[in-house]
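What follows is a set of notes on a single structure, which appears directly below.
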């Protein structure tokens, strides 16, 4: 069935944010024939089921990004429809490649996804008063995966979902992920001890350098600082809030731009020195907004915990592509970037403030760091390299004897 270039059936292709750069962008740059499959049992899927099943019959590989447990049920139904036997046999008409960009079994309570995968109630103390952050049976709401939904926190149900996800991981022929750290984590989850087995491989995120890079870097007196944050960055923002206020008060030519979720400033950050930019729909629009902003400095800071250690260095990639020099947390970024070559690394909020102060007042330092960072980005994290890794993987899976 396999041709020289295998045919790829891709689930969840209309993606935004990280998944756009991990999946849609690099896959659009490979020559393989690609078939777009809507989410199983969605209305679009149900309206086109016969055509979708025929397309899957012709596919060499099924690729899914962060697949939900419902895909396991779909694969079981597909096998029954095609008389392929039980799921435990693991053989399908196509090979399975699943991509995971987060350590989903180590999600902290401050992340909204804890509501779907968390295993216990969580309380916090605010102003001396104990409050429920997550409580069994309570209803929560928010934007998850770009959609506004309401859901009930149910640890017992979440435990079952985690087992289904683990079954999905074990079912795959290959898992792809972001970093060597995540290769180790996923290998442990599925019980693979041999790092040379190629059951789990790292493929970096691939933001398109030309989509972000500004045509003209504005020469201005203001030194602009950009931080893109979501709900999961609440603790990161809380840790840096006072430091950022101190930096802005000390440097009257600096201005902070925060894109994403809006957290309270308290009395720490002068309101006149910060501009909030809302999230925009679509990666192209997101890139356009920050490209027009042309920030001088980008903040890439995450709290030191197991979940964040499993993240990729996408924020540094994006900031470098924009043309911004970065201050990054030692946690996560220190494993992949070199201090004073690709970024300034900081392991405390106070050090973040020190480095921001250095960059605000030293344009030559900003430009020299950016030059080496940009060269490193192009040499090791290019879109072409990511596309080639996917292409080689798909070829290897469809030609196992070669």
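Numbering (the numbering used here), first residue to last: 136 to 537. Note that CB positions come from ideal geometry on N, CA and C, so glycine has one too.
Check the C-beta distance from residue 312 over to residue 298 and give it rounded, since I have them as a contact under 8 angstroms. Wrong, their Cβ atoms sit about 20 angstroms apart, outside the cutoff.
So does the segment 155-162 actually touch the segment 514-523, counting three or more Cβ pairs closer than 8 angstroms? yes
Quick one: grab the DSSP three-state call for residue 235. When DSSP states are grouped into helix, strand and coil, residue 235 belongs to the coil group.
Should residue 225 be labelled buried (16 or more other beta-carbon atoms within 10 Å of its own) or exposed? Since pLDDT at residue 225 reaches only 47, below the 50 mark, its modelled position is unreliable, and the value read off the structure follows with that caveat. Answer is exposed; the Cβ neighbour count stays below 16.
Do residue 340 and residue 217 come within 8 angstroms of each other at the CB atom, strictly closer than that value? It is not a contact, given that the beta carbons lie outside the stated cut-off.
Residue 209 to residue 175 span [Cα, whole Å]: 6 angstroms
Helix, strand or coil for residue 379, going by three-state DSSP, please let me know. helix
Find out if the Cβ-Cβ distance for the pair residue 180, residue 144 is shorter than 8 angstroms. no
What residues match up with residue 276 in a beta bridge as DSSP calls it? 285
May I ask which residues mark the beginning and end of the beta strand (DSSP E) holding residue 264? 264-269
Pick out whichever of 354, 375, 204, 380 has its Cα sitting closest to the Cα of residue 294. Selected option, being the one with the closest Cα: 204.
Could you have a look at residue 325 and say whether DSSP puts it in helix, strand or coil? helix
Boundaries (first-last residue) of the alpha helix (DSSP H) holding residue 397: Under the DSSP assignment, residue 397 falls outside any alpha helix (DSSP H); it carries neither an H nor an E label.
Does residue 214 come out as helix, strand or coil in the three-state DSSP assignment? helix
Any chance you could list the alpha helix (DSSP H) runs of at least 4 consecutive residues sitting entirely within the segment 171-215, in chain order? 178-182, 184-192
Let me check understanding here. Comparing Cα to Cα, which of 447, 487, 196, 456 lies closest to residue 464? 487
Any idea what DSSP makes of residue 141, helix, strand or coil? coil
Kindly say whether residue 140, judged by its beta-carbon, lies nearer than 8 angstroms to any beta-carbon of chain D. This model lacks chain D altogether, as it is built from one protein chain only.
Using a Cβ-Cβ cutoff of less than 7 angstroms, which residues in the same chain neighbour residue 136 once the five nearest sequence positions on both sides are dropped? Only weak support is given to the placement of residue 136: the predicted model assigns it a pLDDT of 40, under 50, and the question is left unresolved by the model.
Going by beta carbon distance, what residues of the same chain come within less than 7 angstroms of residue 398, once the five residues before and after it are set aside? 369, 372
N-terminal and C-terminal residue of the alpha helix (DSSP H) that residue 432 is part of: Premise fails: residue 432 lies in the beta strand (DSSP E), 432-435, not in any alpha helix (DSSP H).
Spell out a yes or no on whether the segment 429-440 and the segment 394-412 are touching, meaning 3 or more CB-CB pairs, one atom from each, closer than 8 angstroms. no
Are the segment 491-499 and the segment 378-397 in contact at 8 angstroms, needing three or more beta carbon pairs? yes
Grab the span of the alpha helix (DSSP H) containing residue 425 for me, first residue to last. 418-428
Would residue 236 be called buried (16 or more neighbouring beta carbons within 10 Å of its own) or exposed? buried
Among 314, 324, 289, whose alpha-carbon lies nearest the alpha-carbon of residue 303? 324
Top-ranked residue by Cα proximity to residue 288, from 318, 255, 307: 255
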